[in-house]
Amino acid sequence: FITSLVNQSLHSATHDNLPLLTAARDKRLIGAKREPQTNMMVPRFAYDEAMSQIHANPPQWPVPTRDVSEVRLALKYKPKKTTKKLLSKTADLNVDIIDYPGEWLLDLPLLDMNFSSWSQTQFDALKGKRKELAQAWLAELEQIELNADADEKQLEKVAHAYTDYLH
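Plus 18 on top of the position in the sequence shown (first one is 1) and you've got this note's numbering.
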């Protein structure tokens with residue numbers, strides 16, 4: 019979850035992937051960046067390592083949380099309140115995200131799965147109304163030639179269809 023949240027935040031300037039964040043939904047979120055650790059006694063969240071594992075061929079799950087770690091995001095946004103607008107056209111908000119081992123309970127079903135088997139489980143769950151809602155996304159997936167070079171436009175269509183399915 020944290021890897022995804024950080025990734026979506028870092029790409030918020032070019033992608034509309036945070037509809038529940040009011041500033042993003044209202045097009046007031048300008049962007050985000052990672053900031054240096056403020057507490058050097060707490061390890062840095064392994065975002066880069068997690069993204070490397072996700073982008074590996076074949077993709078792999080990031081290494082599970084073993085100890086407390088943190089990452090700080092600096093969000094730049096356009097203020098909504100008139101008083102803040104008078105002071106500056108933009109504002110910054112630091113968000114400290116703390117990862118701790120307690121979340122692993124939610125991931126217990128994943129312990130016996132690799133990325134491929136988890137993906138198959140997700141496809142197997144497409145039944146009834148869920149499958150009906152996923153038709154456009156599944157149709158776009160069928161167009162991908164797995165042994166060909168990646169077609170960025172085609173992948174963008176798949177991503178949009180998947181996003182529409184989720185909403």
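Glycine included, each C-beta is placed from N, C-alpha and C at the ideal position.
Taking the C-alpha atoms as reference points, what is the distance between residue i and residue j?
i: K54; j: V24; result: For clarity, residue 54 is Pro in the given sequence; the question names Lys instead. When rounded, the distance between both Cα atoms is 14 Å.
i: A168; j: F133; result: 20 Å
i: A41; j: D182; result: 20 Å
i: E67; j: L151; result: 34 Å
i: I48; j: K94; result: 5 Å
i: G146; j: A154; result: 15 Å
i: M59; j: A166; result: 47 Å
i: K51; j: Q78; result: 25 Å
i: H185; j: R43; result: 14 Å
i: E88; j: N57; result: 9 Å
i: L129; j: Q172; result: 32 Å
i: E170; j: I162; result: 11 Å
i: R84; j: T139; result: 26 Å
i: R90; j: H29; result: 15 Å
i: I115; j: D34; result: 21 Å
i: L105; j: T32; result: 26 Å
i: P80; j: L164; result: 23 Å
Check the C-beta distance from residue i over to residue j and give it rounded, since I have them as a contact under 8 Å.
i: D117; j: V86; result: 7 Å
i: T108; j: K96; result: 6 Å
i: A143; j: N112; result: Contact flag wrong, Cβ pair sits at about 38 Å.
Within 10 angstroms of its Cβ, does residue i collect 16 or more other Cβ (buried), or is it exposed?
i: T21; result: buried
i: F63; result: buried
i: S135; result: exposed
i: S70; result: exposed
i: S27; result: buried
Using 8 Å as the threshold, is the stretch 151 to 161 in touch with the stretch 172 to 180, meaning 3 or more CB pairs across them?
-> yes
In chain order, each beta strand (DSSP E) run of at least 3 residues that lies wholly inside the stretch 80 to 134 | 87 to 95 and 109 to 117
Start-end ranges of the alpha helix (DSSP H) lying completely within the stretch 134 to 177, minimum 4 residues = 146 to 151 and 153 to 160
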